[in-house]
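The first sequence runs contiguously to residue 408 in UniProt numbering.
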Amino acid sequence: MTAVNQDIDIAAFVGKSAIVDLGPEIEGVKVWGPETNKAFLKVFLDWYDAESRRLPWRESKDPYRIWISEIMLQQTRVQTVIGYFARFLAAFPTIKDLAEAEEDQLLKVWEGLGYYSRVRNMQTAAQQIMTDYDGVFPDQLADIKKLKGIGPYTAGAIASIAFGIPVPAIDGNAMRVFSRLFMINADIQKPANRKIFEAIGQYLVDPERPGDFNQAIMDLGSSYETPKQAMPELSPLRDFTLATLTGTTDDYPVKSKKAKAKPVYYQALILKNAKGQVLIEKRTQHKLLKNMWTVPLIDVNEVHEALQTPDEMTGYLVAEVSENYGIQPVLMKKEIGYVKHIFTHLIWHIHLYYGQVTSQDEKHINQMIADGQADYAWVAPHQFEQFAFPTVQMKIWSAYQDYDKQDK
DNA sequence: CACTCGTGGAT
DNA sequence: TATCCAAGAGT
Numbered sequence: 001m002t003a004v005n006q007d008i009d010i011a012a013f014v015g016k017s018a019i020v021d022l023g024p025e026i027e028g029v030k031v032w033g034p035e036t037n038k039a040f041l042k043v044f045l046d047w048y049d050a051e052s053r054r055l056p057w058r059e060s061k062d063p064y065r066i067w068i069s070e071i072m073l074q075q076t077r078v079q080t081v082i083g084y085f086a087r088f089l090a091a092f093p094t095i096k097d098l099a100e101a102e103e104d105q106l107l108k109v110w111e112g113l114g115y116y117s118r119v120r121n122m123q124t125a126a127q128q129i130m131t132d133y134d135g136v137f138p139d140q141l142a143d144i145k146k147l148k149g150i151g152p153y154t155a156g157a158i159a160s161i162a163f164g165i166p167v168p169a170i171d172g173n174a175m176r177v178f179s180r181l182f183m184i185n186a187d188i189q190k191p192a193n194r195k196i197f198e199a200i201g202q203y204l205v206d207p208e209r210p211g212d213f214n215q216a217i218m219d220l221g222s223s224y225e226t227p228k229q230a231m232p233e234l235s236p237l238r239d240f241t242l243a244t245l246t247g248t249t250d251d252y253p254v255k256s257k258k259a260k261a262k263p264v265y266y267q268a269l270i271l272k273n274a275k276g277q278v279l280i281e282k283r284t285q286h287k288l289l290k291n292m293w294t295v296p297l298i299d300v301n302e303v304h305e306a307l308q309t310p311d312e313m314t315g316y317l318v319a320e321v322s323e324n325y326g327i328q329p330v331l332m333k334k335e336i337g338y339v340k341h342i343f344t345h346l347i348w349h350i351h352l353y354y355g356q357v358t359s360q361d362e363k364h365i366n367q368m369i370a371d372g373q374a375d376y377a378w379v380a381p382h383q384f385e386q387f388a389f390p391t392v393q394m395k396i397w398s399a400y401q402d403y404d405k406q407d408k
């Protein structure tokens, strides 16, 4: 296999940039030598010392705090995480508190942040730490990697930042920055190419300050070396970055496109009881938004094109609800609202219908709740803090409120 | 390995 | 509006 960056010759830049010596070929990538790397680390960490962002989780090297921040930051923006970080720490001050928490409370604290398995996995990991490490966060890379929800990136980040272990933390920022440094023509979307960036990172990382090195990559990736509209000429690494020296920043990283989201169709039933409460159910049997609460959602993907008239649409909903819930609500003929919600891989189209339960149906539902047969509940707005709702349900509440308001 | 799993902001 | 995306991990 030829060099992954063979279309340029790093040797041609020796003396014509900050590169002063040649190094080995790493996983097919020709890199600079030890003299250049020393100069590179000096420039980079001097920049980090002067310009690094001040963030709540950088106030200490407490592995618990570093861990929380790294999990929250997965596929999530810094600005979003800041508010959640403080609330999470207040709710679960120690690993023990997290290990012993109720799942409902976990989800409530994580509500709105997305990728809810992250917090369930964190609790599993907290329980691992309690049982396997006597409640003390492990300080060895191999042990950190064993924790649920901690993959190669997060293990490297925690190991380097909290414990000073000289390992890289390879995330999207690192792959983008390294791709531009050496003009690496390897698709960062392909899992198989990950080892290339791991190896480059291991070669570059400062053994004395691995945590600062990895965080400097983050700061560079969010400032001058962004995915779009990068400002490579302002980067502290401009004289080390081959893509900058050749004016090819926008060609890197190489990244294949993602699949388009598929449409999914639902009818939502907003069912009110005599107290003015609305029926909700817990998604215990779904993987998506698992154990969070929504109003009943009826899958209409197989039939939504056939349902044309208002009677056909409400008729189908009544039949499904009768079969699945054993009730016969009286619905308004016309839908009262529409909600579209976009996930990474799905687009939910939800048509909202409104109805009132009969007293007999209400008894039936209350009996099911009392029996613990099903995870249903009646809820009024002042009780919303007792349930974890995904954003799509918050949109449904909003649409219902709009209808309710204009109706009066 | 390809797919699943959320959300809100930017262009 | 459509697309991309932001400090990925589990299956």
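C-beta: ideal position from N, C-alpha, C; glycine also.
Please read all numbers here as calculations on a predicted model, not as lab measurements.
- Spanning the alpha carbons of residue 242 and residue 91 requires a straight line of approximately 47 angstroms.
- With a 10 Å radius around the Cβ and a threshold of 16 neighbouring Cβ atoms, residue 109 comes out buried.
- With a threshold of 16 other beta carbon atoms within 10 Å, residue 256 falls short and is exposed.
- If you compare the alpha carbons of 246, 153, 291 with that of residue 388, the shortest gap goes to 291.
- Put simply, the backbone Cα of residue 209 is about 16 angstroms away from that of residue 174.
- Between residue 311 and residue 333, the C-beta gap is smaller than 8 angstroms, which places the two residues in contact.
- Cβ-Cβ distances below 6 angstroms link residue 52 to 219 in the same chain, with the five nearest sequence neighbours on each side left out; the list follows chain order.
- The beta carbons of residue 129 and residue 137 sit closer together than 8 angstroms.
- Annotation for residue 198: 170 place their beta carbon closer than 6 angstroms to its own, counting only its chain and skipping 5 residues before and after.
- Under DSSP, the beta-bridge partners assigned to residue 272 are 278, 356.
- CA-CA distance, residue 362 to residue 403, rounds to 23 angstroms.
- Below 8 angstroms, too few C-beta pairs join the region 248-263 and the region 276-284 to call them touching: fewer than three.
- Distance from the Cα of residue 263 is smallest, within the candidate group 319, 350, 279, 307, for 350.
- When the beta-carbon positions are compared, residue 268 and residue 295 come within less than 8 angstroms of each other.
- Taken atom to atom, the span from the alpha-carbon of residue 162 to that of residue 260 is near 38 angstroms.
- Excluding five sequence positions before and after residue 118, the CB atoms of its chain that fall closer than 7 angstroms to its own CB belong to 71, 74, 149, given in chain order.
- Positions of the beta strand (DSSP E) runs, each at least 3 residues long and wholly inside the region 313-364, are given as 337-342, 346-356 in order along the chain.
- The beta carbon of residue 385 sits closer than 8 angstroms to those of 108, all from its chain and outside the five residues before and after it, given in chain order.
- Counting along the chain, the unbroken alpha helix (DSSP H) around residue 158 starts and ends at 152-163.
- DSSP places residue 145 inside the alpha helix (DSSP H), whose first and last residues are 141-145.
- Here the alpha carbon of residue 89 sits roughly 16 angstroms from the alpha carbon of residue 103.
- In the DSSP annotation of this structure, the continuous segment of the beta strand (DSSP E) that includes residue 376 starts and ends at 376-379.
- With fewer than 16 other CB atoms across the displayed protein chains lying within 10 angstroms of its CB, residue 234 is exposed.
- Annotation for residue 297: the continuous beta strand (DSSP E) segment containing it runs 297-299.
- The Cβ-Cβ distance between residue 244 and residue 232 falls below 8 angstroms.
- DSSP lists 299, 350 as the bridge partner or partners of residue 266.
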